[in-house]
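**Student:** Taken in sequence, the protein lines are chains W and R. The first sequence runs contiguously to residue 829 in the working numbering. The second sequence runs contiguously to residue 438 in the working numbering. Quick one: structure below, then a few questions.
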Amino acid sequence: MSDFVLELDHVSIAAPGADGPLMLVEDCTLQVTAGESLGLVGESGSGKTLSARAVAGLLPEEFTVGGTIRIDGEDISTVAGKRLRGIRARRLGMVFQTPRAHLNPLRSIGDFMTEALVTVAGEKPDAAERRAIELLAEVGIPDPDRRMRQRPGDLSGGLLQRVMIAATLAMDPPILLADEITTALDVTTQEEVMAVIADLRRHRDLAMLFITHDLALAGAVCDRIAVMQHGRTVETLRAATMRQDAVEPYTRRLLSATLPADVRADSTPPVEPVLVVDGLRKTFQVRSPRGGREEFVAVDGVGFMLAPGGSLGIVGESGSGKSTTARIICGLEAADAGSVTVKGEDWTTAARGTAGRRRRARIAQMVFQDPYQSLDRRQTVRACLREAVAVHRPKASRGELDARVDELLGAVRLDAGLADRKPRSLSGGQRQRVAIARALAADPEILVLDEAVSALDVTTQVEILTLLDSIRRTMGVALLMISHDLTVVRRLCDHVVVMRSGVIVEQGTIADVLDDPRADYTRMLLDSIPHDGWVPRRRIPARTTALPTVATTTTRISPPGGPK
Amino acid sequence: MSVAQLAGGRVPRLARRASARDPLVIAAALVMLLIAVIAVFGPLMAPYDPNQLYVGPVLSPPSLEHYMGTDDLGRDIYSRVLVGAAPSVIAPVFVVILSTALGAAIGISSAWFGGVVDGISSRVIEVIFAIPGLVLAVLAVSMFGKGLIAPIAALSIAYIPIVSRLVRTAARAELGKPYIAALRIQGVSSLAICFRHLVPAVLPPILAQSTVGFGYAMLDLAAISFLGLGAQPPSSDWGVMISAGQPALLTGAPEQSMFPAALVVVTVLAVNILGARVTTWAEGGDR
Numbered sequence: 266m267s268d269f270v271l272e273l274d275h276v277s278i279a280a281p282g283a284d285g286p287l288m289l290v291e292d293c294t295l296q297v298t299a300g301e302s303l304g305l306v307g308e309s310g311s312g313k314t315l316s317a318r319a320v321a322g323l324l325p326e327e328f329t330v331g332g333t334i335r336i337d338g339e340d341i342s343t344v345a346g347k348r349l350r351g352i353r354a355r356r357l358g359m360v361f362q363t364p365r366a367h368l369n370p371l372r373s374i375g376d377f378m379t380e381a382l383v384t385v386a387g388e389k390p391d392a393a394e395r396r397a398i399e400l401l402a403e404v405g406i407p408d409p410d411r412r413m414r415q416r417p418g419d420l421s422g423g424l425l426q427r428v429m430i431a432a433t434l435a436m437d438p439p440i441l442l443a444d445e446i447t448t449a450l451d452v453t454t455q456e457e458v459m460a461v462i463a464d465l466r467r468h469r470d471l472a473m474l475f476i477t478h479d480l481a482l483a484g485a486v487c488d489r490i491a492v493m494q495h496g497r498t499v500e501t502l503r504a505a506t507m508r509q510d511a512v513e514p515y516t517r518r519l520l521s522a523t524l525p526a527d528v529r530a531d532s533t534p535p536v537e538p539v540l541v542v543d544g545l546r547k548t549f550q551v552r553s554p555r556g557g558r559e560e561f562v563a564v565d566g567v568g569f570m571l572a573p574g575g576s577l578g579i580v581g582e583s584g585s586g587k588s589t590t591a592r593i594i595c596g597l598e599a600a601d602a603g604s605v606t607v608k609g610e611d612w613t614t615a616a617r618g619t620a621g622r623r624r625r626a627r628i629a630q631m632v633f634q635d636p637y638q639s640l641d642r643r644q645t646v647r648a649c650l651r652e653a654v655a656v657h658r659p660k661a662s663r664g665e666l667d668a669r670v671d672e673l674l675g676a677v678r679l680d681a682g683l684a685d686r687k688p689r690s691l692s693g694g695q696r697q698r699v700a701i702a703r704a705l706a707a708d709p710e711i712l713v714l715d716e717a718v719s720a721l722d723v724t725t726q727v728e729i730l731t732l733l734d735s736i737r738r739t740m741g742v743a744l745l746m747i748s749h750d751l752t753v754v755r756r757l758c759d760h761v762v763v764m765r766s767g768v769i770v771e772q773g774t775i776a777d778v779l780d781d782p783r784a785d786y787t788r789m790l791l792d793s794i795p796h797d798g799w800v801p802r803r804r805i806p807a808r809t810t811a812l813p814t815v816a817t818t819t820t821r822i823s824p825p826g827g828p829k
Numbered sequence: 152m153s154v155a156q157l158a159g160g161r162v163p164r165l166a167r168r169a170s171a172r173d174p175l176v177i178a179a180a181l182v183m184l185l186i187a188v189i190a191v192f193g194p195l196m197a198p199y200d201p202n203q204l205y206v207g208p209v210l211s212p213p214s215l216e217h218y219m220g221t222d223d224l225g226r227d228i229y230s231r232v233l234v235g236a237a238p239s240v241i242a243p244v245f246v247v248i249l250s251t252a253l254g255a256a257i258g259i260s261s262a263w264f265g266g267v268v269d270g271i272s273s274r275v276i277e278v279i280f281a282i283p284g285l286v287l288a289v290l291a292v293s294m295f296g297k298g299l300i301a302p303i304a305a306l307s308i309a310y311i312p313i314v315s316r317l318v319r320t321a322a323r324a325e326l327g328k329p330y331i332a333a334l335r336i337q338g339v340s341s342l343a344i345c346f347r348h349l350v351p352a353v354l355p356p357i358l359a360q361s362t363v364g365f366g367y368a369m370l371d372l373a374a375i376s377f378l379g380l381g382a383q384p385p386s387s388d389w390g391v392m393i394s395a396g397q398p399a400l401l402t403g404a405p406e407q408s409m410f411p412a413a414l415v416v417v418t419v420l421a422v423n424i425l426g427a428r429v430t431t432w433a434e435g436g437d438r
């Protein structure tokens with residue numbers, strides 16, 4: 266018997282494959298003591314999520330799990346079906362990356378919150394509702410009574426994630442499994458959610474297995490860090506001293522990937538800008554809560570310049586209008602007012618006809634956020650690139666096209682052997698390289714990157730950013746980087762525009778804005794980035810009720826089924 | 152490797168490979184082959200003239216001389232079934248081809264142009280949807296006279312809404328994906344985006360729908376013939392035969408209706424099984 270609330274001892278997971286079982290997790294070994302927070306860090310595919318799912322019993326039935334998993338010192342493979350479900354229901358809480366996918370869009374938050382309370386804990390409906398409201402208040406959701414009647418579609422991603430957390434707390438679990446819970450959120454929302462988690466851990470003495478690919482975040486919120494690579498836990502470190510103690514080369518690589526890059530020092534001489542945006546405004550018609558239609562101002566009075574071969578970052582939270590701005594520049598949306606001027610030419614209205622679009626295509630190209638959806642899944646890499654090249658060289662022979670395709674593959678450092686694969690058999694990073702190669706096919710002068718690295722792992726992010734930087738230097742392509750991630754912008758850009766709710770809050774050189782921010786909002790964005798000694802704080806005054814500290818802990822502290 | 156990849160990448164490939172060897176699919180393919188052979192060579196294989204009266208006794212049970220027995224007028228049912236295969240199978244094929252081509256064209260243009268085009272075509276489609284196919288067929292027959300052409304035209308129109316709605320939804324979802332935006336920004340022509348990217352993307356649901364549509368068309372055409380509005384006696388269309396066998400059925404001689412009805416059921420089943428398989432194959436690039 267041990268003091269660990271959760272213990273994984275040489276856990277391996279295998280899936281049935283065409284040629285015998287496929288080892289997905291080789292050896293995952295970790296321990297979590299009561300009230301401790303352990304970060305499980307690694308790239309996607311390293312087996313962190315599978316390990317957590319094995320604990321929660323969420324693996325597909327045909328998977329085989331080896332090794333031992335102990336919850337409260339009890340080997341769960343020796344516990345039979347119904348009691349095991351009980352242990353999991355009462356001892357574990359699990360929160361996932363995409364709250365929206367885990368909530369039924371047709372049912373209210375109240376239904377969702379009270380379901381487990383009524384069916385598992387056997388509470389009366391009205392008692393369950395009171396308790397649900399209490400839980401929502403505990404995770405800092407303002408106006409919980411009203412939220413109970415709303416549906417998932419009415420809530421933002423950050424709020425939904427808090428609802429998920431509140432729901433897992435319904436059974437007062439001593440262990441929380443958090444699987445990439447903030448990956449889909451922007452930095453300020455991430456900080457809010459992490460602050461909630463920190464509060465909960467303080468008040469409830471909650472142990473946590475915190476899965477993330479972001480080592481800096483894990484380092485800031487966890488006591489210890491377990492690093493996982495290729496299905497193995499390679500090393501376990503104390504979070505406070507991880508930078509000094511890291512021995513494994515893989516951990517060192519992860520650490521360097523999260524280190525802030527040097528501030529770019531090269532100054533660009535004043536030249537005619539390649540892109541001038543002035544007084545841009547865009548409104549959308551949205552359905553108002555009262556049933557009618559109302560105007561939503563997505564972008565208002567936005568103006569900036571981009572120098573040839575320069576790099577400009579637009580940062581802001583989701584909903585700040587940065588993506589809309591990029592889409593207007595590329596002609597995917599029409600602006601209501603203002604102007605977009607590219608090389609002295611008016612681009613405010615979308616190009617008419619194929620010829621006009623082609624002419625613009627040779628100047629501005631775009632790379633999208635989701636590498637899984639920005640390529641046609643039916644085309645091989647070669648067919649995709651050949652099509653992009655052929656558009657601008659209608660008379661070229663097949664041989665000439667293929668030569669150019671190989672050249673593009675070389676430019677994005679993609680192995681030519683991958684050219685005959687379809688997107689589904691490429692990794693996220695490889696797909697994004699293909700998307701970049703496709704954008705370069707037209708030899709553009711401006712490359713618009715709409716959250717182009719946000720969906721990637723940290724290490725892949727660094728690779729893609731390095732690639733983009735070298736492309737800018739060798740080909741002289743100007744980069745317009747849209748991102749919610751200030752570290753990404755700092756790494757790649759020399760100028761930055763900070764946007765909030767459709768308007769520009771602050772703009773200037775990276776050094777001026779990020780090292781000496783004048784706007785409060787910029788400062789808040791900067792403070793939200795996890796770093797050494799970072800403590801997540803609630804910055805948005807959203808709380809309307811006092812945090813209940815005693816009320817929730819009186820409900821059920823004793824282990825299920827009474828003392829053993 | 153994540154759980155999503157496992158669920159999305161590995162299992163379906165295994166499932167696909169298994170279904171290629173699926174005996175049910177092989178049986179369905181064999182049945183379809185047999186029906187096609189009958190539709191083409193039926194008249195040559197028939198032992199008797201299908202319309203020759205009293206080649207045998209009236210309403211005789213199956214025997215070595217008459218494999219499926221004889222009908223109320225002493226005609227050889229086996230010969231009639233063989234000769235009747237061509238109109239019974241080919242007519243629904245026409246219905247499927249016509250309705251799918253028109254429906255897909257309408258659905259894709261609705262999704263592509265949106266706005267007014269979408270509004271008008273959607274309303275027209277809704278009106279067609281409101282009229283049952285059989286009523287439309289009866290109407291067409293009263294206007295163009297009896298025969299197979301009127302029901303084929305009417306059913307083709309009646310099936311358009313089902314196809315076009317499906318295609319419109321699928322095409323809209325596809326057009327919203329960033330790769331379409333990327334193609335536009337690259338300067339790829341609208342025609343190329345539509346035919347090289349959009350159409351192949353919406354093909355799997357179209358294929359699935361058309362196999363289901365074939366079954367419906369065959370049954371509806373048989374029903375129209377049964378009502379005496381489609382193919383006319385003494386034609387040996389399966390629907391006509393089922394209809395004509397009705398009185399005999401009540402007197403305890405089910406052969407006249409039973410054999411063509413069994414063939415309708417077997418054909419529709421085979422097409423649906425094959426259709427499911429073809430759809431999985433067309434989706435191959437997706438998963």
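Think of the CB as a built atom: it goes at the ideal place given N, C-alpha and C, for glycine as much as any other residue. All values derive from a computational prediction rather than experimental measurement.
(1) Look at the alpha carbon of W:ARG558 and the alpha carbon of W:THR548, and state the distance between them as a whole number of angstroms.
(2) In whole angstroms, give me the CA-to-CA distance for W:GLU327 and W:GLY282.
(3) Name, going along the chain, the residues of the segment 369-393 of chain R whose beta-carbon falls closer than 8 Å to a beta-carbon of chain W.
(4) I'd like to know if R:ILE289 contacts chain W, where contact means its C-beta is closer than 8 Å to some C-beta of that chain.
(5) The beta strand (DSSP E) that contains W:GLU291, what's its start and end?
(6) Note down, in chain order, all residues in the segment 323-342 of chain R with a beta-carbon under 9 Å from any beta-carbon belonging to chain W.
(7) Ignoring anything shorter than 3 residues, give me the beta strand (DSSP E) runs that lie fully in the segment 169-222 of chain R, in order along the chain.
(8) Please look up how many angstroms separate the CB atoms of R:LEU299 and R:ALA382, rounded, as I've assumed it's under 8 Å.
(9) Residues in its own chain within less than 6 Å of R:LEU354 by CB, not counting five upstream and five downstream?
(10) Kindly indicate if chain W contains any beta-carbon less than 8 Å away from that of R:HIS217.
(11) When the Cα atoms are used, what is the spatial distance from R:ALA166 to W:ALA472?
(12) Show which residues of chain W have a CB atom less than 7 Å away from the CB atom of R:VAL351.
(13) So R:ARG347 is in the beta strand (DSSP E); what residue range does that whole segment cover?
(14) Candidates W:THR454, W:THR384, W:GLY773: which alpha carbon is nearest W:SER421's?
(15) Please classify W:MET262: is it buried, with 16 or more other beta-carbons within 10 angstroms of its beta-carbon, or exposed?
(16) So what does DSSP say about W:SER277, is it helix, strand or coil?
(17) How big is the Cα-Cα spacing for W:VAL656 and R:GLY338?
(18) Cβ closer than 8 Å: which chain R residues qualify as neighbours of W:GLU716?
(19) Could you check which residue in W:GLY767, W:ASP759, W:ALA392, W:ALA599 has the C-alpha nearest to that of W:LEU779?
(20) Is the shortest distance between the beta-carbon of W:PHE361 and the beta-carbons of chain R less than 8 Å?
(21) Could you pull the start and end residues of the alpha helix (DSSP H) that W:ARG802 belongs to?
(22) Of the residues R:PRO283, R:PRO174, R:SER230, which one's Cα is nearest the Cα of R:PRO411?
(23) For W:SER316 versus W:CYS293, is the C-beta spacing smaller than 8 Å?
(24) Out of W:ASP408, W:ALA402, W:GLY304, W:ARG411, which one is the CA nearest neighbour of W:ALA432?
(25) What do you reckon, is the C-beta of W:VAL699 under 7 Å from a heavy atom of the ligand ZN?
(26) Would you kindly report the start and end of the unbroken alpha helix (DSSP H) that includes R:ALA421?
(27) Note down the Cα distance separating R:PRO174 from R:ILE186, rounded to an integer number of angstroms.
(28) With a cut-off of 8 Å on the beta carbons, I'd call W:ALA704 and W:GLY574 a contact; round off their distance for me.
(29) Out of R:ASP222, R:ASP200, R:PRO212, which has the shortest C-alpha to C-alpha gap to R:SER394?
(30) Leaving aside the five residues before and after W:HIS796 along the sequence, list all residues of the same chain whose C-beta is less than 6 Å from its C-beta, in chain order.
(31) Compute the distance between the beta-carbons of R:LEU380 and R:VAL246, then report whether it is under 8 Å.
(32) Count the other CB atoms, across all protein chains shown, that sit within 10 Å of the CB of R:GLY426; report buried if there are 16 or more and exposed otherwise.
(33) Here's the rule: buried if 16 or more other CB atoms are within 10 angstroms of the residue's CB, otherwise exposed. What is W:LYS347?
(34) Could you tell me which chain R residues have their CB closer than 7 Å to the CB of W:VAL656, listed as they occur along the chain?
(35) Measuring alpha carbon to alpha carbon, tell me which residue in R:LEU210, R:ILE189, R:VAL318, R:TYR205 is nearest R:LEU400.
(36) Just to make sure I have the definition right: I need the residues of chain R whose C-beta is within less than 7 Å of the C-beta of W:LEU441. Which are they?
**Tutor:** On the basis of the supplied data:
(1) As a first step, residue 558 of chain W is located in the first sequence; it is residue number 293 there, counting from the start. As a first step, residue 548 of chain W is located in the first sequence; it is residue number 283 there, counting from the start. If you take the alpha carbons of W:ARG558 and W:THR548, they lie about 12 Å apart.
(2) By one-based count along the first sequence, residue 327 of chain W stands at place 62. By one-based count along the first sequence, residue 282 of chain W stands at place 17. Their backbone Cα atoms lie some 10 Å apart in a straight line.
(3) none
(4) Locating residue 289 of chain R in the second sequence gives position 138, where the first residue counts as 1. Correcting the residue type first, residue 289 of chain R is Val in the shown sequence and not Ile. Chain W, which has no Cβ nearer than 8 Å to the Cβ of R:VAL289, makes this no.
(5) Along the first sequence, read from residue 1 onward, the residue named residue 291 of chain W stands at position 26. Element bounds for W:GLU291: 287-298.
(6) LYS328, PRO329, TYR330, ILE331, ALA332, ALA333, LEU334, ARG335, ILE336, GLN337, GLY338, VAL339, SER340, SER341, LEU342
(7) none
(8) As a first step, residue 299 of chain R is located in the second sequence; it is residue number 148 there, counting from the start. As a first step, residue 382 of chain R is located in the second sequence; it is residue number 231 there, counting from the start. The pair is a contact, with the Cβ atoms about 6 Å apart (cut-off 8 Å).
(9) Taking the first residue of the second sequence as 1, we reach residue 354 of chain R at position 203. Closer than 6 Å at Cβ, skipping near neighbours: ALA433.
(10) Sequence index remark: in the second sequence, residue 217 of chain R carries index 66 (1-based). Chain W, which has no Cβ nearer than 8 Å to the Cβ of R:HIS217, makes this no.
(11) For this step, residue 166 of chain R is matched to residue 15 along the second sequence. For this step, residue 472 of chain W is matched to residue 207 along the first sequence. Low confidence applies to R:ALA166: its pLDDT is 47, below 50, so where it sits in the model is not reliable, and the reading given next is rough at best. Between R:ALA166 and W:ALA472, the C-alpha separation is close to 41 Å.
(12) On the second sequence, residue 351 of chain R is found 200 positions in, with the first residue counted as 1. With the sequence shown as reference, residue 351 of chain R is identified as Pro, and Val is not the correct amino acid for it. The contacting residues are ARG643.
(13) As a first step, residue 347 of chain R must be located in the second sequence, where it is residue number 196. R:ARG347 -> no beta strand (DSSP E), and no H or E assigned at all.
(14) Looking up residue 421 of chain W in the first sequence gives position 156. For the residues W:THR454, W:THR384, W:GLY773, the minimum Cα distance to W:SER421 belongs to W:THR454.
(15) It is not possible to answer for residue 262 of chain W, since the shown part of chain W is limited to 266 through 829.
(16) Numbered from its first residue, the first sequence carries residue 277 of chain W at position 12. Residue state, collapsed to three classes: strand.
(17) Mapped onto the first sequence, residue 656 of chain W falls at position 391. Mapped onto the second sequence, residue 338 of chain R falls at position 187. Taking the CA atoms as reference points, W:VAL656 sits about 7 Å from R:GLY338.
(18) To locate residue 716 of chain W, count along the first sequence from 1; it is residue 451. Residues of chain R passing the Cβ test: none, with the nearest at roughly 11 Å.
(19) Mapped onto the first sequence, residue 779 of chain W falls at position 514. Out of W:GLY767, W:ASP759, W:ALA392, W:ALA599, W:ASP759 has the C-alpha closest to the C-alpha of W:LEU779.
(20) In the first sequence, the residue the question calls residue 361 of chain W occupies position 96. Not an interface residue.
(21) Looking up residue 802 of chain W in the first sequence gives position 537. That residue, W:ARG802, is in no alpha helix (DSSP H); it is neither H nor E in DSSP.
(22) For the purposes of this step, residue 411 of chain R is taken as the residue at position 260 of the second sequence. For the residues R:PRO283, R:PRO174, R:SER230, the minimum Cα distance to R:PRO411 belongs to R:SER230.
(23) As a first step, residue 316 of chain W must be located in the first sequence, where it is residue number 51. As a first step, residue 293 of chain W must be located in the first sequence, where it is residue number 28. Taking 8 Å as the Cβ cut-off, W:SER316 and W:CYS293 qualify as a contacting pair.
(24) Within the first sequence, residue 432 of chain W is the residue found at index 167, counting from 1. Out of W:ASP408, W:ALA402, W:GLY304, W:ARG411, W:ALA402 has the C-alpha closest to the C-alpha of W:ALA432.
(25) Annotation note on the ligand ZN: not contained in the displayed structure, which lists no ligands.
(26) As a working mapping, residue 421 of chain R is identified with position 270 in the second sequence. Note, R:ALA421: alpha helix (DSSP H), 406-433.
(27) Here residue 174 of chain R is taken as the residue at index 23 of the second sequence, counted from 1. Here residue 186 of chain R is taken as the residue at index 35 of the second sequence, counted from 1. Each residue's Cα considered, the two are about 18 Å apart.
(28) Locating residue 704 of chain W in the first sequence gives position 439, where the first residue counts as 1. Locating residue 574 of chain W in the first sequence gives position 309, where the first residue counts as 1. That belief does not hold up - the Cβ atoms of W:ALA704 and W:GLY574 are roughly 16 Å apart, past 8 Å.
(29) Translated into positions along the second sequence, residue 394 of chain R becomes position 243. Ranking the options by Cα distance to R:SER394, first place goes to R:ASP222.
(30) Taking the first sequence and counting its residues from 1, one reaches residue 796 of chain W at position 531. Correct list: empty, nothing qualifies.
(31) Numbered from 1 along the second sequence, position 229 holds the residue referred to as residue 380 of chain R. Numbered from 1 along the second sequence, position 95 holds the residue referred to as residue 246 of chain R. No, the pair does not count as a contact, with Cβ atoms beyond the cut-off.
(32) Looking up residue 426 of chain R in the second sequence gives position 275. Looking at its Cβ environment, which holds 16 or more other Cβ atoms inside 10 Å, R:GLY426 is buried.
(33) Position 82 of the first sequence, counted from the start, is the residue given in the question as residue 347 of chain W. Flag for W:LYS347 reads exposed.
(34) Here the question's residue 656 of chain W lines up with position 391 in the first sequence. GLN337, GLY338, VAL339, listed in chain order.
(35) The sequence position of residue 400 of chain R within the second sequence is 249, counting from 1. It is R:LEU210.
(36) As a first step, residue 441 of chain W is located in the first sequence; it is residue number 176 there, counting from the start. Ordered by position in chain R, no residue passes the 7 Å Cβ test against W:LEU441, which lies about 20 Å from the chain.
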